[in-house]
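Presented below is the structure to which this report refers.
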Amino acid sequence: MKVAVAYSAGADSTALLLAAHQRWPAHVVALHVHHGLQAAGDDFERHARQFCTQHGIALQVEHVQAAHEPGQSPEDAARLARYAALARMARDARADGVLLGQHADDQAETLLLALSRGAGLPGMASMPEHFERAGMRFGRPLLDVSASDLRAWLLAQGHAFMDDPSNTDTRFTRNRIRALLMPAWEACFPGFRPMLARSARHAAQAQRLLDELAALDLSHTGMPPQIARLQSLSRDRQANALRHWLRTSAGVAAATAQLDELLDQIADCNTRGHRIHIKVGPGHVERIGVSLGYTPAL
5 MKVAVAYSAG ADSTALLLAA HQRWPAHVVA LHVHHGLQAA GDDFERHARQ FCTQHGIALQ
65 VEHVQAAHEP GQSPEDAARL ARYAALARMA RDARADGVLL GQHADDQAET LLLALSRGAG
125 LPGMASMPEH FERAGMRFGR PLLDVSASDL RAWLLAQGHA FMDDPSNTDT RFTRNRIRAL
185 LMPAWEACFP GFRPMLARSA RHAAQAQRLL DELAALDLSH TGMPPQIARL QSLSRDRQAN
245 ALRHWLRTSA GVAAATAQLD ELLDQIADCN TRGHRIHIKV GPGHVERIGV SLGYTPAL
């Protein structure tokens, strides 16, 4: 067995790496991704190499280009590049999976961010404990542990770690939540993090049930869904089935206004010549004969 740990050299991943190394000595490999986005990246890599040498932990390092495309946020670009690199390094190390250091504060911030954006259940479910990406399994074992507890443990043990200077840059929405909103919630509702984590688990459970219902309804409508069979469902079940179809078949999510327009068009589609053509994500949902289809952008 080989366990990989995503190791940025920050406090959270340092605590996770040490805990994994203590539990599975000689079976842990640290994976460090250098994004090339800030000058401090070289310092993080240097610290990671020194730390792993000091503790006898195998280390792999990959440099990636995480520049964002037009219309893509820098955070999204960096996240996609990071997961792809972690999956590649884990496969090279013959690891069974990758452990990530997100903790209870990260989960609370994710839920607050989702609520501020009017997210549905998938967003409110926040970060799953287990998931797959780029052909690799990932796990987040620290979602019930607060950031302060992790740092207190490291300091008590005398372990060094790096602080990311970008974490205090309030140009980023998540950092504003961390600096301004989280302290306000703590002042009003002390110990609120486990409560938000519970809400995220409830949302995740509800979403799993909706996915099961969508799979049943799509077995009735066919894949791609036939318009007449969609019309036999309630509007809410149509919306749920369409969200599931778009997410699983095309990897896109319809905005609320786009989905409402699509549902209106389906309701009005009673003639052979009725046309449906609605932008969703980078492509369009269209009527193709008796069914709907998704056409990606060229």
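Heads up: the sequence shown begins at 5 in my numbering, then just goes up one per residue. Ideal Cβ positions, reconstructed from N, Cα and C, are used throughout, including at glycine.
When secondary structure is reduced to three states using DSSP, residue 259 falls in the coil class, being assigned neither helix nor strand. A residue is called buried once 16 or more other Cβ atoms fall within 10 Å of its Cβ, and residue 113 is buried on that count. Residue range 231 to 235 is occupied by the alpha helix (DSSP H) that includes residue 231, with no beta strand (DSSP E) assigned at that position.
Contact check for residue 133 and residue 141: beta-carbon distance about 11 Å, past the 8 Å limit, so the pair fails to qualify. In the structure shown, the three-state DSSP call for residue 220 is helix.
Residue 254 has its alpha-carbon roughly 26 Å from the corresponding atom of residue 101. If you check the CB distance, residue 154 and residue 107 come in under 8 Å. For residue 161, the uninterrupted alpha helix (DSSP H) segment begins and ends at 151 to 161. For residue 98, the secondary structure class from DSSP, reduced to helix, strand or coil, is coil. If you look at residue 246, you'll find it in the alpha helix (DSSP H) that goes 239 to 254.
In the structure shown, residue 133 adopts coil according to DSSP, grouped into three states. Within the model, the alpha-carbon separation for residue 59 versus residue 119 is close to 41 Å. Using a C-beta cut-off of 8 Å, the stretch 289 to 298 makes contact with the stretch 274 to 281, since at least three inter-stretch Cβ pairs fall below that distance. Taking the Cα of residue 6 as reference, the smallest distance to any Cα among 32, 27, 14, 23 is reached at 32.
A distance of 8 Å or more separates the beta carbons of residue 110 and residue 14. Around the beta carbon of residue 64, 16 or more other beta carbons sit within 10 angstroms, so the residue counts as buried. When rounded, the separation of the alpha-carbon atoms in residue 174 and residue 99 is 36 Å.
Here residue 250 has 256, 257, 258, 284, 298 as same chain residues with Cβ atoms under 7 Å from its own Cβ, once five neighbours each way along the sequence are excluded. At a Cβ-Cβ threshold of 8 Å, residue 245 and residue 222 count as neighbours. Inclusion of residue 16 and residue 183 in the CB contact set at 8 Å is not warranted, their separation being larger than that value. Approximately 7 Å separates the beta-carbon atoms of residue 92 and residue 66; this is inside 8 Å, confirming the contact.
Apart from sequence neighbours up to five positions away, the residues of its chain that approach residue 88 with a beta-carbon distance below 6 Å are 138, ordered along the chain. Residue burial annotation: residue 195 is exposed, with fewer than 16 other C-beta atoms found within 10 angstroms of its C-beta.
When the five nearest sequence neighbours on each side are left out, the beta carbons in the same chain lying within less than 6 Å of the beta carbon of residue 94 are those of 8, 102, 140, in order along the chain. Straight-line measurement puts the Cα of residue 287 at about 30 Å from the Cα of residue 204. Here DSSP, grouped into helix, strand and coil, assigns residue 64 to strand.
The beta carbon of residue 234 sits closer than 6 Å to the beta carbons of 225, 242, 270 from its chain, once the five residues preceding and following it are set aside; these are given in chain order.
Beta-bridge partners of residue 283 (DSSP): 288. Residue 19 is positioned such that its CB atom lies no closer than 8 Å to that of residue 115.
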